[in-house]
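Chains A and B supply the protein sequences, listed in that same order. Per the numbering used here, residue 1116 is the first one in the first sequence, and the count goes up by one each step. Per the numbering used here, residue 549 is the first one in the second sequence, and the count goes up by one each step. For each residue, glycine too, the CB sits at the ideal point set by N, CA and C. Every value quoted in this text rests on a predicted model; they were computed, and no experiment measured them.
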Amino acid sequence: MSDTILVLGGGIAGITAALEAAEAGAKVYLVEKNPHLGGRVAQLARYFPKLCPPTCGLEINYRRLRDNPNIEVLTTTELTALQGSPGDYKATLARHPRYVNDRCTACGACVDPCPVERPNPFDYGMTTTKTISLGHEMAYPMKYAIDESTCLFDSCAKCVQACPYDAIDLHMQQEILELTVGAVVIATGWKPYDAGTIANLAFGHFPDVVTNVMFERMLASNGPSGGIVIRPSDGKAVESVAFIQCAGSRDRLYLSYCSSICCLASLKEASLLLERNPQASAYIFYIDLRTPGTYQSFASKVLDHPRISAIKGKVADILLEPGSGQLVVVADDMVSGAMSHTSVDLVVLATGMEPSLAEGRPQGEMDFDPYGFVLQGSDPSGVFAAGCARAPVDVATATLDGTAAAMSAIRASRQMVVVP
Amino acid sequence: MSPTKRTGLYLCKGCGIGECVDIDSLAELSEGTDELAVVRTSSAFCLEDAKLIASDIDSDGLKAVVIAACSPRVNRQVFNFGTAKVERVNLREQVAWSHRPGEEATQELAADLVRMGIAASQHASQATPFTQDHERTVLVVGAGPAGLEAAVASAEAGYEVTVIDREPQPGGLLAKLYRCWPSQPNLSSALEDSGLGVLVDKASSHPRITMLTSTTVEALSGEPGRFIATLSSAANEPGGHRQIIAGAVVMATGAKPVAPESFANYGLGTLDNVITSLEMEELALQGAIRRPSDGREALRVAILACDGPNDERNLAYGGNVTSMVALKQAVYVHKSNPDAQVFLVYKDMQTPGFDELYYRFVQHERSIFLVRGSVSSVTEQSDGTLGVTVRDSVLATDLSLEVDLVVVDVAMEPTSAPDTGESVPLHLNYLQGDSVPLGREGFVDSNFVCFPFETRRTGIYAAGTVHRSQDVAASRRDGEAAALKAVQVVERAAHGEAVHPRVGEVGYPEFFMQKCTACGRCTQECPFGALELDDARHPVINPNRCRRCGICMGACPVQVISFPDYSVDMLSAMQKAVELPEDEDKPRLLVLACENDAYPAIDMMGINRLEYSAHLRVLPVRCLGSVNAITVTDAIQRGFDGVALLGCKSGEDYQCHFIQGSELLATRMDNVRETLGRLALEEDRVQVLETSIADARRLPEMLGEFAESVAELGPNPMKGF
Chain A
1116 MSDTILVLGG GIAGITAALE AAEAGAKVYL VEKNPHLGGR VAQLARYFPK
1166 LCPPTCGLEI NYRRLRDNPN IEVLTTTELT ALQGSPGDYK ATLARHPRYV
1216 NDRCTACGAC VDPCPVERPN PFDYGMTTTK TISLGHEMAY PMKYAIDEST
1266 CLFDSCAKCV QACPYDAIDL HMQQEILELT VGAVVIATGW KPYDAGTIAN
1316 LAFGHFPDVV TNVMFERMLA SNGPSGGIVI RPSDGKAVES VAFIQCAGSR
1366 DRLYLSYCSS ICCLASLKEA SLLLERNPQA SAYIFYIDLR TPGTYQSFAS
1416 KVLDHPRISA IKGKVADILL EPGSGQLVVV ADDMVSGAMS HTSVDLVVLA
1466 TGMEPSLAEG RPQGEMDFDP YGFVLQGSDP SGVFAAGCAR APVDVATATL
1516 DGTAAAMSAI RASRQMVVVP
Chain B
549 MSPTKRTGLY LCKGCGIGEC VDIDSLAELS EGTDELAVVR TSSAFCLEDA
599 KLIASDIDSD GLKAVVIAAC SPRVNRQVFN FGTAKVERVN LREQVAWSHR
649 PGEEATQELA ADLVRMGIAA SQHASQATPF TQDHERTVLV VGAGPAGLEA
699 AVASAEAGYE VTVIDREPQP GGLLAKLYRC WPSQPNLSSA LEDSGLGVLV
749 DKASSHPRIT MLTSTTVEAL SGEPGRFIAT LSSAANEPGG HRQIIAGAVV
799 MATGAKPVAP ESFANYGLGT LDNVITSLEM EELALQGAIR RPSDGREALR
849 VAILACDGPN DERNLAYGGN VTSMVALKQA VYVHKSNPDA QVFLVYKDMQ
899 TPGFDELYYR FVQHERSIFL VRGSVSSVTE QSDGTLGVTV RDSVLATDLS
949 LEVDLVVVDV AMEPTSAPDT GESVPLHLNY LQGDSVPLGR EGFVDSNFVC
999 FPFETRRTGI YAAGTVHRSQ DVAASRRDGE AAALKAVQVV ERAAHGEAVH
1049 PRVGEVGYPE FFMQKCTACG RCTQECPFGA LELDDARHPV INPNRCRRCG
1099 ICMGACPVQV ISFPDYSVDM LSAMQKAVEL PEDEDKPRLL VLACENDAYP
1149 AIDMMGINRL EYSAHLRVLP VRCLGSVNAI TVTDAIQRGF DGVALLGCKS
1199 GEDYQCHFIQ GSELLATRMD NVRETLGRLA LEEDRVQVLE TSIADARRLP
1249 EMLGEFAESV AELGPNPMKG F
């Protein structure tokens, strides 16, 4: 039985779909638009509920990828069009130039000569890297890439001279690839909702108001401050943090749905804050604490901590306290009925998930809901969504989803469906 | 093993190795080595010069190549030469990128690592895959939505399936439901039919599916590729027993509804008109919703959703579906009679994701009143009407409701839970017991966030509500996913290959049985129950259950267990390849590092150009649990000043990919300490250091502290003996 499956998206759902399908005997193309795999999870400090590092599972998965000849990984590549039917799809892909070829050994000789610093997307712009960069220490593939939006190209070309292995090609062109595949898994993931649009939460207004994805980087040992949580405005050690839930979610003005992971993420981040600084305090402002299933015992354990408090209430405003630089969170406390004022060093907005394909969609055989999540196409379809391309889900669901979508793809591409 | 001169050594100078280490003198030094037929250097073996290695293998008939270059974590396909065994020596990340160039200590480190690599290459032989009569079939136990989906998915992927259920009809709990909430609330708010009819039709008409109802598993033995299931089907056959052979098993035995004892406070069990949410479904299936006490139509209904961490009455895992059950039932009460009023009492509305959109829809339904609060009492009046007192936490007042019916949301308890009082669903005929080891709250769930099907019985995959507390749509996806794991293990077993995490690994443990003392420890310690006992109480391996972690090899007190390419002898030869100078300022410390987490973390010190002690000699192991006590005591007796065992977190939230590796090591350390005591050596010479893959920045200090604490003890007096 031979089946070829195209997996779009090299985050945890896509990697899982690719591996599980290939280990069952399918041939897989794993396509990622960024220069490296890993997606959003590579940027997280830890997972809930175990508080374990995401890189642990990624390492195992990367090893499975390296050793599996049935998987071809295509980075800096995007799907532009998809036509066909189950068992026979034509996928048109654009492979953007990486400007670094396969001869790259990741020796790093190109880094020092490069004169251009650019905001580091891995740290959500909180740090900078050179315009030729490896991304991070767990990069897969372990090959450098050039950010074409900031590179000086031929007017500089210092990296080309520095590379001992002839691995840099500043004249690399975009390639168009045509693949024939039996089925497609869409695992293009999510992006953080733009917190700047939520007027009362002051993101972009005060530097000490950050988003939850930024806070993950601040907690990460490979983050901007090595996992020590400091105030972005002045570098002061953070003693108190307010987490504001549903920042953009469950609100018709922004995202109507619940992003499903933010309550657990904030509970996790509060625990990690206390792990880093046992004297710190965390205040979680929420409407409903959504900790379904067995996550409830994790939530209860976190909430038992005397320095972590959960306040049922909607945040009305965030103010800057003159002099101290502290932020004051003004909230409508739903239990006491009064307005509460909480003074903190840092405000973390639990910003929600928006599907990556909310804009910039490929043409062809795929259906979307009004928010940009991928819908299961009308039968018979060979296009299947997994992870946060399908719905806002946690990692444990995304991996399960990836596995299920891999099976859907195998079923569809084998065309052994018996019509009753 | 005698030297064969069938090994080549390839010393790379690229990526800064040549500037840090004197590669030419290493090459010269190595040329005299008996084992080596070829020694070459290159400025980059991963580029054009990879062909040199391939051509040496062809022309000189090399059996093994030792490539001293970058970490084994990169360039695995470049340095894959088919049948020739490849041993990687990490001169880049763990030498050139993390130690001072040109220094004697760095050069000695590189020389030792090369010798260790050569030693390892002499102790690895080509593994032969395990083969046996093989079945490409799947047995699905439980014909609810997860099981049926697993059956149909496996069949549509081309596999023969037997699906059984203990009930006379398929469908499980789903068959008892009146309506389901929208499976895609992002598109529609309409209640749905369960879809069970279509699924049952698909499964029962598929030519590759055999469905057996009123059937249970009496016993299950064997291994992936060849499980032997004894089925008991009272209804169908005289004698009632039959045996089938299956390549893999999907366990989809479901959950049953449970009401915690505390629900008695609501009158559940004592008051006629207080019913569970499942009883509500049965009422609804009968048509108009009538109170049990007198059959009068219920016009005022209170639904108590028990949800969320703020609800102390709740089961630890109840809140996954109960809020949606409550919302759905409120809607259908309202739909069945537009005059009916529904009060839905809740604390935290557990409607994550798109379920929120359904919650929003219900908020706008007239006659459904959502009350955030908790119920303080339920009392019965003489006519059967119930008085419900609710503390409304939003209005901060007590509400008194008069209702005809109170519905209490119940939670799901997996059929695997230890206290269900039912017999275990699969009856494993395994030495380690008849049930599948359980995860959180009694579900057959994985301990790993990233690997949802990692349970400890290879080839048996849980799906649906026995796996996790989940709704119908999620259960069906789960069933499909479990089916993939099932057909995957069938395919891997057909090639004699391991499944996750050492996917594709062929070699499996071999036993030198003449020396086996029949102590049985290996059979107890195997995390996957791969070992059974024969009549002489000697271990018998089921290779397709084995995950190649090597924990049995670490367990064996007489060291009779080894893999073709991983053994106590190999680890011993590698540590013996390290030169132990007698100078006091050249201590030697052996680091046995878990290759899944600790070893990559050490690599990442190099990638970040963080320096650590050049006196450490890192030896990767498959799992700390695979380290036999003798490997540690031999190293100390030889004269290593200290040994560190660097591995993953143990305990409740363990990180060990082989479940118990780190934990078992802790018990083996008792033996090590006893030996150290006998030799009058300090216990602190051997230390277990817990680390994680994210610890690259912490490791230099951690390893530095270890080196310092050993230095304080002075040189090992055994050195030079």
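Taking buried to mean at least 16 other C-beta atoms within 10 Å of its own C-beta, is Asp993 (chain B) buried or exposed?
buried
Counting only Cβ pairs nearer than 8 Å, list the residues of chain A close to His1205 (chain B).
Ile1175
Residues of chain B with a CB under 7 Å from the CB of Leu1121 (chain A): which are they?
Correct list: empty, because the minimum Cβ distance to chain B is about 17 Å.
Among B:Pro620, B:Val614, B:Ile1241 and B:Gly580, nearest to Ala668 (chain B) - alpha-carbon criterion:
B:Val614
Would you list, in chain order, the members of the stretch 997 to 1024 of chain B that have their beta-carbon closer than 8 Å to a beta-carbon of chain A?
Val997, Cys998, Phe999, Pro1000, Phe1001, Arg1016, Ser1017, Gln1018 and Ala1022
Quick check on DSSP: helix, strand or coil for Ala1132 (chain A)?
helix
Neighbourhood of Leu905 (chain B) by C-beta, 7 Å cutoff - its chain only, sequence neighbours within 5 removed
Pro733 and Asn734
Mind pulling the chain B residues with CB within less than 7 Å of Gly1140 (chain A)?
Glu1039
Cβ distance (whole Å) where Ser1455 (chain A) is taken to contact Pro1201 (chain A) below 8 Å:
So it is not a contact: roughly 56 Å between Cβ atoms.
If we ignore side chains and look at the alpha-carbon of each, how far apart do Phe775 (chain B) and Gly1007 (chain B) end up?
9 Å
Chain-ordered chain B contacts of Tyr1162 (chain A) [CB-CB under 7 Å]
Val997
Expressed to the nearest angstrom, what Euclidean distance is found between the alpha-carbon atoms of Phe1483 (chain A) and Arg1210 (chain A)?
24 Å
Can you tell me where the beta strand (DSSP E) with Cys1171 (chain A) in it begins and where it stops?
Not the beta strand (DSSP E): Cys1171 (chain A) falls in the alpha helix (DSSP H), residues Pro1169 to Arg1181.
Please classify Lys1245 (chain A) as buried or exposed, where buried requires at least 16 neighbouring CB atoms within 10 angstroms.
buried
Which residues in chain B have a C-beta closer than 8 Å to the C-beta of Thr1514 (chain A)? List them in chain order.
Val997, Cys998, Phe999 and Pro1000
Nearest residue (CA-CA) to Ile851 (chain B), options B:Gly835, B:Ser841, B:Gln834 and B:Phe891
B:Phe891
Helix, strand or coil, according to DSSP, for Arg1024 (chain B) in the structure here?
helix
Determine, using beta carbons only, whether Ile1127 (chain A) comes closer than 8 Å to chain B.
yes
Segments assigned alpha helix (DSSP H), at least 4 residues, entirely inside the stretch 964 to 1045 of chain B:
1020 to 1042
Alpha-carbon spacing of Gly1129 (chain A) relative to Leu947 (chain B), whole angstroms
50 Å
Compare the C-beta of Arg1069 (chain B) against all C-beta atoms of chain A and say whether one is closer than 8 Å.
no
Is the beta carbon of Ala592 (chain B) sitting closer than 8 Å to the one on Tyr1280 (chain A)?
yes
Pro1470 (chain A), buried or exposed, once every other Cβ within 10 Å from all chains shown has been counted against 16
buried
Under 7 Å from the C-beta of Lys1165 (chain A): neighbouring residues of chain B:
Val997 and Asp1201
Hey, quick one: how far does the alpha helix (DSSP H) through Ser1257 (chain B) stretch, first residue to last?
Leu1247 to Glu1260
On a CA-only basis, which of A:Ser1381, A:Ala1352, A:Ser1371 and A:Gly1408 is nearest Met1329 (chain A)? Give me that one, please.
A:Ser1381
Using CA coordinates, which residue listed in A:Gly1341, A:Ser1371, A:Pro1347 and A:Ile1345 is at the minimum distance from Ala1244 (chain B)?
A:Gly1341
Cutoff 8 Å: Leu1294 (chain A) Cβ touching any chain B Cβ:
no
Would you grab the beta carbon distance between Thr1239 (chain B) and Ala1146 (chain B) for me? Rounded to a whole angstrom, and I think it's under 8 Å.
5 Å
Would Cys1222 (chain A) pass as an interface residue toward chain B - the criterion being a Cβ-Cβ separation below 8 Å?
yes
Contacting positions in the stretch 1255 to 1281 of chain A - beta carbon closer than 7 Å to chain B:
Met1257 and Tyr1280
Looking at Asp1189 (chain B): is its Cβ nearer than 8 Å to the Cβ of Asn1264 (chain B)?
yes
N- and C-terminal bounds of the beta strand (DSSP E) containing Ile757 (chain B):
Ile757 to Leu760
Cβ atoms of Arg648 (chain B) and Val1038 (chain B): under 8 Å apart, would you say?
no
Just list the residues that DSSP pairs His1320 (chain A) with in beta bridges.
In the DSSP output, where bridge partners are listed per residue, His1320 (chain A) has none listed.
At least three beta-carbon pairs within less than 8 Å, the stretch 1165 to 1177 of chain A to the stretch 1208 to 1223 of chain A
no
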